[in-house]
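Under the numbering used here, the first residue of the sequence shown is numbered 39, with each subsequent residue one higher. Backbone N, C-alpha and C fix where the C-beta goes; we use that ideal spot for every residue, glycine too. Computed from a predicted model, the values in this text were never measured in an experiment.
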Amino acid sequence: IEGYLEYTKFIVKRFIRIYPAFWLSLLFGLLLDIVMIPSFAGEIIKNNLFFIIFEYTGFFIILGQGPGFINTMGWFIAVIVSLYLIFPWLSVIVRKYQLFAIIAFMIVSFGSRSLLFTYDTMLPSLLWRWFPLCNLFEFCLGIYIVQMSFYPKNVNDHPIIHEIAELSFYVFLFHVIIIQVFTIGVGYGTVITGFFDMLFSPLPLLIQNILRYLTIEVTVLLVSIIAMKTDRMIQQRIRENKRVKDLLVST
Numbered sequence: 039i040e041g042y043l044e045y046t047k048f049i050v051k052r053f054i055r056i057y058p059a060f061w062l063s064l065l066f067g068l069l070l071d072i073v074m075i076p077s078f079a080g081e082i083i084k085n086n087l088f089f090i091i092f093e094y095t096g097f098f099i100i101l102g103q104g105p106g107f108i109n110t111m112g113w114f115i116a117v118i119v120s121l122y123l124i125f126p127w128l129s130v131i132v133r134k135y136q137l138f139a140i141i142a143f144m145i146v147s148f149g150s151r152s153l154l155f156t157y158d159t160m161l162p163s164l165l166w167r168w169f170p171l172c173n174l175f176e177f178c179l180g181i182y183i184v185q186m187s188f189y190p191k192n193v194n195d196h197p198i199i200h201e202i203a204e205l206s207f208y209v210f211l212f213h214v215i216i217i218q219v220f221t222i223g224v225g226y227g228t229v230i231t232g233f234f235d236m237l238f239s240p241l242p243l244l245i246q247n248i249l250r251y252l253t254i255e256v257t258v259l260l261v262s263i264i265a266m267k268t269d270r271m272i273q274q275r276i277r278e279n280k281r282v283k284d285l286l287v288s289t
């Protein structure tokens, strides 16, 4: 990545790849909350409107109010976006110093985590988890693997592997929201948990637990597949926008 234009194109591509999927998870989670607890949904939204709106930036975690108000996996957006913003410089360092850079980043990352975890143990802030310095090692290790050609470049030649790899991002974004429906049992969620209690109660406890986990996993998978296909259409629409298209093809 050389120059302001290439940097801008890179950031726009990352934005298109990350944010529509994240926004879909927030919309899904918010609608689910409204459906599950309709009697309190209006009051909850009204009292927490700022948090709900701010969460769409992906940086809710910096408020020190936990990893996310709607989607607790939202902390990852703050991490990955922050690291993508400094990717060009990290890439140059890794290319120039290679393994020495990885070792240095490992020391910085684990040192930062240890320091922040020791002196900032309050759960809501979670500085040790989202602060960019704490995640340099894993991010730069990925850069190193690609630069050294350890990562198979022909992965796109295998559609199934490509689909599974892409699907993992949506599973990550949606799984906690769905798990909460089956486990917390708030509002109409008690109907769902009660239904499965009644349905599986005649079976041995081990079988009950296996069926519950399978039900949750299948639901997560189906929702994630739908979200992935929806997101692909949204991304395509964004790329077809004249301004975006002109920017991405400009030289």
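Where the alpha helix (DSSP H) containing residue i begins and where it ends
i, result
"residue 247", "243 to 278"
"residue 74", "41 to 74"
"residue 129", "125 to 135"
"residue 197", "197 to 221"
"residue 108", "From DSSP, residue 108 is part of no alpha helix (DSSP H); its letter is neither H nor E."
"residue 179", "174 to 185"
"residue 99", "Looking at the DSSP string, residue 99 is not in any alpha helix (DSSP H), and its letter there is neither H nor E."
"residue 165", "165 to 168"
"residue 171", "Where residue 171 is concerned, there is no enclosing alpha helix (DSSP H), given that its DSSP letter is neither H nor E."
"residue 88", "87 to 93"
Identity of the residue in the options nearest residue i by Cα
i, options, result
"residue 61", "180, 246 and 269", "269"
"residue 189", "180, 41 and 173", "180"
"residue 148", "171, 114 and 128", "171"
"residue 202", "187, 152, 260 and 245", "260"
"residue 122", "276, 48, 206 and 97", "48"
"residue 175", "166, 139, 50 and 207", "139"
"residue 335", "55, 46, 144 and 44", "One cannot answer for residue 335 here, as it falls past the ends of the chain, which runs 39 to 289."
"residue 124", "241, 104 and 178", "178"
"residue 221", "247, 284, 141 and 153", "247"
"residue 217", "255, 242 and 81", "255"
"residue 95", "80, 81, 118 and 83", "118"
"residue 186", "81, 129, 120 and 102", "129"
"residue 116", "215, 236, 166 and 279", "166"
Rounded distance between the beta-carbons of residue j and residue i, thought under 8 Å
i, j, result
"residue 258", "residue 219", "That pair is no contact at about 10 Å."
"residue 106", "residue 98", "5 Å"
"residue 277", "residue 283", "6 Å"
"residue 126", "residue 182", "The pair is not a contact, with the Cβ atoms about 15 Å apart (cut-off 8 Å)."
"residue 285", "residue 50", "6 Å"
"residue 211", "residue 111", "6 Å"
"residue 206", "residue 43", "The Cβ separation is near 31 Å, so there is no contact."
Where residue i falls, given that 16 or more other Cβ within 10 Å makes a residue buried
i, result
"residue 227", "Residue confidence is low: residue 227 scores 49 on pLDDT, short of 50, so the model does not pin down where it sits. Its coordinate-derived value is still stated next. So residue 227 counts as buried."
"residue 150", "buried"
"residue 213", "buried"
"residue 364", "Outside the shown range of the chain, which is 39 to 289, sits residue 364, and nothing can be said about it."
"residue 93", "buried"
"residue 113", "buried"
"residue 162", "Below a pLDDT of 50, predicted positions are generally treated as unreliable, and residue 162, at 48, falls in that range; the measurement from the model is reported next regardless. Classification for residue 162: exposed."
"residue 251", "exposed"
"residue 71", "buried"
"residue 168", "buried"
"residue 109", "buried"
"residue 22", "Examination of residue 22 is not possible in this model, given that the chain is present from 39 through 289 alone."
"residue 184", "exposed"
"residue 173", "buried"
"residue 154", "buried"
"residue 164", "buried"
"residue 12", "The structure shown does not extend to residue 12, since the chain is modelled only from 39 through 289, so no value can be given for it."
"residue 141", "exposed"
"residue 224", "Low local confidence applies: a pLDDT of 49 at residue 224 is under 50, so the model's placement there is unreliable, and no value is given."
"residue 145", "exposed"
Residue i: CB within 6 Å of a non-hydrogen atom of the ligand SAH
i, result
"residue 272", "Judged by which ligands are present, the structure shown has none, so any question about the ligand SAH falls away."
Cβ pair count under 8 Å reaching 3, the segment 129 to 141 against the segment 85 to 93: They do not touch, by the three-pair rule.
Within the chosen definition, does the segment 57 to 73 reach the segment 253 to 266 through at least 3 CB pairs nearer than 8 Å? In short, these stretches touch, since the Cβ pair count reaches three.
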